[in-house]
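Here is the structure we will look at, set down as structure tokens.
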Amino acid sequence: MTHPTVAVPQLSVADLDTAANEAAIHERTAALPDSVDVALFPEYALTGFVSDTRAYSAALTTAQATETLSAVAAENDVSVLAGYLEQAGETLHNAVAYVRPDGAATTYRKRHLWGDEAAVVTPGDELVTVETPVGKTGLLTCYDLNFVADSAAMTEKGVDALFVAGAWPAAHSENWRLLCRARALDGVRWLVGANRTGTGGTDRTGAAESEYAGRSLVVRPDGAVAAALNRDERDLVWTLDPEVLAEQRAFVGSVD
Numbered sequence: 001m002t003h004p005t006v007a008v009p010q011l012s013v014a015d016l017d018t019a020a021n022e023a024a025i026h027e028r029t030a031a032l033p034d035s036v037d038v039a040l041f042p043e044y045a046l047t048g049f050v051s052d053t054r055a056y057s058a059a060l061t062t063a064q065a066t067e068t069l070s071a072v073a074a075e076n077d078v079s080v081l082a083g084y085l086e087q088a089g090e091t092l093h094n095a096v097a098y099v100r101p102d103g104a105a106t107t108y109r110k111r112h113l114w115g116d117e118a119a120v121v122t123p124g125d126e127l128v129t130v131e132t133p134v135g136k137t138g139l140l141t142c143y144d145l146n147f148v149a150d151s152a153a154m155t156e157k158g159v160d161a162l163f164v165a166g167a168w169p170a171a172h173s174e175n176w177r178l179l180c181r182a183r184a185l186d187g188v189r190w191l192v193g194a195n196r197t198g199t200g201g202t203d204r205t206g207a208a209e210s211e212y213a214g215r216s217l218v219v220r221p222d223g224a225v226a227a228a229l230n231r232d233e234r235d236l237v238w239t240l241d242p243e244v245l246a247e248q249r250a251f252v253g254s255v256d
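Residues in the sequence shown are numbered consecutively from 1, following the UniProt record's numbering.
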């Protein structure tokens, strides 16, 4: 029985500076222990985001994003999850890509948009799961955590874990922690949440509009927090014991 190790290199994101973000993802992934199987980065990690037409200047096609992440994954022999602003023709999406070391990639487009995001971004319409070292895993982005129906649908799909890319605001950090715990507990599964830290969301004058919560975490299938960070740009590394998942499911009954 394998014991996969996940890592969240918690970081701030440079809005509209794709080169700086790519460099940070390369550097932080390379610094992780060799034992890590999956590295998770936050929402919009590759591109950053602003809620006006400047967003187009940083948007990437899925091919461009997965090419970058494939190089990171292959160089470090680790699967990588990271968010980016996706350009599909004239349409923008809030996307995440999960890329394996062999280059195989799965993408998810955020289904539930928050606030001014909807002025720029078009929501996705599909729930996405992917096979990871943790097992069958559902992909979510930030505000998706609020929607219990989506959580139930992931339970019906039989996922063993949720990977969540977030840019949750600092003012509501307790809600981030609460919802991550709830989504692990109500589906009896692991949850790994990679949340943005620092400030960003600059307006046209260059002033920062948002402060982000950090507090990336790993939540057990019983809803308890196994490990967590605060606001610093540090690495969270945790090994997931499959026996914990099996024991909790046996305790509450099958979730299949």
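Ideal placement from N, C-alpha and C gives every residue a C-beta, glycine not left out.
Since the structure is predicted, the reported quantities are computational estimates derived from the model, not experimental observations.
For Thr239, would you say it is in contact with chain C, using Cβ-to-Cβ distances shorter than 8 Å as the test? Looking at the structure shown, chain C is missing, and only one protein chain is on hand.
What are the start and end residues of each continuous beta strand (DSSP E) run of 3 or more residues lying completely inside the region 117-177, in chain order? 129-132, 135-141, 161-166
For Asn230, count the other beta carbons within 10 Å of its own beta carbon; 16 or more makes it buried, fewer makes it exposed. Which is it? exposed
Any alpha helix (DSSP H) of 4 or more consecutive residues that is wholly inside the region 8-45: 18-30
Ala73 and Ser79 - do their beta-carbons sit closer together than 8 Å? yes
Which term fits Val36, buried or exposed, when burial requires 16 or more other beta carbons within 10 angstroms of its beta carbon? buried
Neighbourhood of Gly103 by C-beta, 6 Å cutoff - its chain only, sequence neighbours within 5 removed: These residues qualify, in order along the chain: Ser70.
Asn94, DSSP secondary structure in three states: Asn94: strand per DSSP, three-state reduction.
Would Leu92 pass as a contact of Ala59 if the rule is Cβ separation under 8 Å? yes
Between Ala165 and Pro42, is the Cβ-Cβ spacing less than 8 Å? yes
By the 10 Å Cβ neighbour count, where 16 or more other Cβ atoms means buried, how is Ala20 classified, buried or exposed? exposed
Count the other C-beta atoms from every protein chain shown that fall within 10 angstroms of the C-beta of Val252, then say buried if there are 16 or more, exposed otherwise. By the neighbour-count criterion, in which a residue is buried when 16 or more other Cβ atoms sit within 10 angstroms of its Cβ, Val252 is exposed.
Give the secondary structure of Asp186 by DSSP, where H, G and I count as helix, E and B as strand, and everything else as coil. In this structure, Asp186 counts as helix in the three-state DSSP scheme.
Proximity to Asn146 [Cα-Cα], best of Thr5, Ser210, Lys110, Ile25: Ranking Thr5, Ser210, Lys110, Ile25 by Cα distance to Asn146 puts Lys110 first.
Which of helix, strand or coil does DSSP assign to Leu69? helix
What residues are listed by DSSP as bridge partners for Gln87? Gln87 pairs with Leu92.
Classification of Glu86 by the beta-carbon crowding that lies within 10 angstroms, buried from 16 upward: buried
Which listed residue (Ala119, Arg183, Glu131, Gly158) has its alpha carbon closest to that of Thr141: Among Ala119, Arg183, Glu131, Gly158, the Cα nearest to that of Thr141 is on Arg183.
Take the Cβ of Ala24 as the centre, count every other Cβ of all protein chains shown within 10 Å, and call the residue buried at 16 or more, exposed below. buried
With distances taken from CA atoms, which of Ser216, Asp241, Gln248, Glu243 is nearest Ser12? Ser216
Less than 8 Å between the C-beta atoms of Val159 and Ala55, yes or no? Here Val159 is not near Ala55, since their CB atoms are 8 Å or more apart.
For Glu131, collect the residues of the same chain with a Cβ closer than 8 Å to its Cβ; drop the 5 residues on either side in sequence, then sort them by chain order. Thr137
Keeping to the same chain, check which residues put their C-beta closer than 8 Å to that of Asp241; ignore five residues upstream and five downstream. His3
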